[in-house]
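Numbering (this note's numbering), first residue to last: 30 to 174. Note that beta-carbon positions come from the ideal geometry of N, C-alpha and C, so glycine has one too.
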């Protein structure tokens, strides 16, 4: 696991860009972090790292937003899902086992549906407004070595 500090949103986006550049097709990122932690900010950086120019918004109501870049980017918000079974009803295999980068906010709500090889990213807000970002996942950790 590697741990990084982000002072401002641009730092978080820069870390995420680096993650996206290291990601291979089929990479799944499981975010951990409370409301306002910076998960969507991180997703914006992932998109930028994939060459996506569109505005990235939280898929809270749509559940999944799809974007095209150097590989497809599937941005999922599982907050409104009640179970892994409900996630499976939205064609989850397409996102989890496809050829894109899949980033899942509130991943703990659908943990049972996720494969074992996910990259875990925890974003923890600190009292001074900074963020502590912990990344676990061998393929991505190498990008920061």
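- Note: residue 75 is not bridge-paired with any residue in the DSSP secondary-structure output.
- The alpha-carbon of residue 116 is positioned some 10 Å away from that of residue 140.
- In this structure, residue 58 places its C-beta atom within 8 Å of the C-beta atom of residue 150.
- Contact fails between the region 38-45 and the region 108-123, because fewer than three Cβ pairs, one in each stretch, are under 8 Å apart.
- Across the structure, residue 129 and residue 83 are spaced so that their CA atoms are roughly 17 Å apart.
- Assigned with DSSP and collapsed to three states, residue 96 falls in strand.
- Distance from the CA atom of residue 31 to the CA atom of residue 55, rounded to whole angstroms, is 21 Å.
- Distances from the alpha-carbon of residue 80 to those of 158, 99, 111 put 99 closest.
- Here residue 88 is near residue 94, since their CB atoms are less than 8 Å apart.
- Taking a contact as a CB-CB distance under 8 Å, the pair residue 159 and residue 36 counts as one, their CB atoms being some 5 Å apart.
- Around the Cβ of residue 65, a 10 Å sphere holds fewer than 16 other Cβ atoms; the residue is exposed.
- When the five nearest sequence neighbours on each side are left out, the beta carbons in the same chain lying within less than 8 Å of the beta carbon of residue 47 are those of 78, 172, 173, in order along the chain.
- C-alpha of residue 51 to C-alpha of residue 71: approximately 15 Å in a straight line.
- Listed in chain order, the alpha helix (DSSP H) elements of length 4 or more contained wholly in the region 136-171 are 167-170.
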